[in-house]
DNA sequence: GCCGTTTTCGGCCCGACTGTTTTCAGTCG
Ligand SMILES: Nc1nc2c(ncn2[C@H]2C[C@H](O)[C@@H](COP(=O)(O)OP(=O)(O)OP(=O)(O)O)O2)c(=O)[nH]1
Ligand SMILES: [Mg+2]
Ligand SMILES: [Mg+2]
Ligand SMILES: [Zn+2]
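In this note's numbering, the protein residues as written are 150 to 732.
(1) Would you say residue 688 touches ligand 2, meaning its beta carbon is less than 7 Å from a heavy atom?
(2) Using a Cβ-based criterion (distance less than 7 Å to any ligand heavy atom), does residue 346 qualify as near ligand 2?
(3) State yes or no: is the C-beta of residue 594 within less than 8 Å of the C-beta of residue 611?
(4) Short of 6 Å in beta carbon distance, which residues of its chain neighbour residue 744, apart from the five on each side in sequence? Order them along the chain.
(5) Identify the continuous beta strand (DSSP E) that holds residue 177 and give its terminal residues.
(6) Within 10 angstroms of its Cβ, does residue 493 collect 16 or more other Cβ (buried), or is it exposed?
(7) Rounding to the nearest angstrom, what Cα-Cα distance links residue 345 and residue 545 in this structure?
(8) So, is residue 660 buried or exposed, given that buried needs 16 or more other C-beta atoms within 10 angstroms?
(9) From 565, 409, 698, 341, pick the residue whose C-alpha is nearest to that of residue 708; which is it?
(10) If you count every other CB in all the chains shown that lies within 10 Å of the CB of residue 474, and 16 or more means buried, which is it?
(11) What span of residues does the alpha helix (DSSP H) with residue 422 cover, start to end?
(12) When you compare each of 387, 513, 329, 688 to residue 502 by their alpha carbons, which one comes out closest?
(13) Pull the bridge partners of residue 527 from the DSSP assignment, please.
(14) Can you have a look at residue 674 and say buried or exposed, based on whether 16 or more other CB atoms are within 10 angstroms of its CB?
(15) Return yes when at least one heavy atom of ligand 1 lies under 7 Å from the C-beta of residue 476, else no.
(16) Can you list, in chain order, the residues of its chain whose CB lies under 6 Å from that of residue 245, leaving out five sequence neighbours each side?
(17) If we call anything under 8 Å between Cβ atoms a contact, is residue 293 one with residue 323?
(18) Can you have a look at residue 449 and say buried or exposed, based on whether 16 or more other CB atoms are within 10 angstroms of its CB?
(19) Return the chain-ordered list of same chain residues with a C-beta closer than 7 Å to the C-beta of residue 285, the five sequence neighbours on each side being excluded.
(20) Measuring only from the beta carbon, is residue 202 closer than 7 Å to any heavy atom that is part of ligand 1?
(21) Output yes or no for whether 8 Å exceeds the beta carbon distance between residue 706 and residue 487.
(22) Is the beta carbon of residue 276 within less than 7 Å of some heavy atom of ligand 1?
(23) Have a look at 388, 389, 371, 364 and flag the residue whose alpha-carbon is nearest the alpha-carbon of residue 377.
(24) Per DSSP, which residues does residue 534 bridge with? Please list them.
Here it is in structure tokens:
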């Protein structure tokens, strides 16, 4: 495991133990924030450990954390972490995952009912000791029982590509309910995160009862979890939670801001509001009169209808939802000159696609027709190379014939440029799967790792750098090789890859397939900052795969990508000239 | 534990829902 990943785990565990032992919540949060930070880094934190000032320059890292990071880099452990984890049975971490059980209740169960893990919790519930505890009653016990059965699935996140179609179907269904004036999905889905914890839907309506009734009566609902005056939550049979929040139409902008989040972005905005003499909540931006819940006291908001108005009153530019992560979007980095982020219609070319020659389902003709139908000026045929045996990769003879077939197809098909290319394997030592004389025959070369995806970070970086520096390679395909929720993939130093890619004019791929999204959002940001070009490709193996482009665009926007830095947005002439430079 | 164009100490977002409570703690979004 990498230093960053180890430190992420260490600080996460410290946060959990502190929470369970009743520490100051802000101290708990500070640790959780460090853990999140470590997970987001695109370089090895150890490279900063020679000087504490380099560490404390990072927002959220103070003297104490800097000391712990340096200690870890030197000794491989953090003494305070070791002491803390001794204090609490590890099984309690799982108990904490149960919906409805927070630190206070778990502490109580542990200290007064001897609960140390899920097993002992079950026993304590059965024996009746839990019900005798303070603030515990029959209903609470039954709720814990229900949630316990669901404990394993509670923390799971679903892929964007799975969640988005479900959300769109629910929104369309509820839009038809009489009285509904506004309805849209919000939360991590609107922000385009690669995985989604639940589906959040915001609506305004003239008939709340009708909407709640329709919501809780949808087919496929396993359980209604919450049902109040302004919000309801259900769990679908497939384990996904859906939250519906209803707010007045007058408040829709404030409501959308609140429900889109992220939580961290919301908190920074609310702190800013306080400093400016306001109070921000989901009903609007109010003048601060020192009391809570201004919306209930008839206070008139200074802004509430649209997101734009609220950001403006806070003296901020409107922030695209994908950027609302407290990753600099409220700082000068964004606010001084808001970049125009890439959009779906900007994409004019698909530069990574497979045909029946390897493991695709479309012929060359069908692939070209599909790309043309989508309005692209260029499609690259990039079938697998010889080492990818399971994918029916092409040996040199088959590749030569394939190139001929592509040229022949181009002679018949008008309205789109068909490039003869390959997705060549990057072997574990960084060499490519075809010799240079073969690669030189191709209009475009995508080089991708497919095997040895558990290599240690140093080796992985060297391997990918070799491909980036190869004079015949145009694009580094799905650089980490991860499959979301299934395979971790490589952990290269992405900052180093970006620097080399910029120097050698090689594009880094953002593979848009929702299982991959590789490079991921934080990597794209690092690549953009490092001056590298990005290629957004669907890696299409069939016609439907072209539809995954939207997930690539969302991820690209989360990485602050602008059209000029994405080669798929370029006009044909510019793109083709760029490809020819390496021939 | 972190942080600072009014601060190096004293804040740190704000509201809805539930169950158990007779006035609100705990959890969640
Ligand atoms: N102000 C504030 N807003 C919050 C808080 N927690 C959640 N929200 C808002 C912002 C979130 O994006 C939105 C939906 O909450 P979720 O728990 O579903 O989070 P989100 O969708 O961002 O991520 P997820 O993928 O569901 O884990 O509600 C909070 O503690 N304070
Ligand atoms: Mg959510
Ligand atoms: Mg939610
Ligand atoms: Zn491919």
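For every residue, glycine included, the Cβ atom is placed at its ideal position computed from N, Cα and C. Note that this is a predicted model, so its numbers are computed, not measured.
Looking at the atomic coordinates:
(1) no
(2) At least one heavy atom of ligand 2 sits closer than 7 Å to the Cβ of residue 346.
(3) In this structure, residue 611 does not lie closer than 8 Å to residue 594 by Cβ.
(4) In the structure as shown, the chain begins at 150 and stops at 732. Residue 744 is therefore absent and cannot be evaluated.
(5) Counting along the chain, residue 177 falls outside any beta strand (DSSP E), though it belongs to the alpha helix (DSSP H) covering 174–189.
(6) Exposed.
(7) 43 Å
(8) Classification of residue 660: buried, given that the 10 Å Cβ count is 16 or more.
(9) 341
(10) Looking at its Cβ environment, which holds 16 or more other Cβ atoms inside 10 Å, residue 474 is buried.
(11) 412–424
(12) 688
(13) 498, 566
(14) buried
(15) no
(16) Excluding positions up to five away in sequence, the list reads 255.
(17) No, the Cβ-Cβ distance between residue 293 and residue 323 is not below 8 Å.
(18) exposed
(19) 279
(20) no
(21) no
(22) Residue 276: no, Cβ never under 7 Å from ligand 1.
(23) If we check each option's Cα against that of residue 377, 364 comes out closest.
(24) 543
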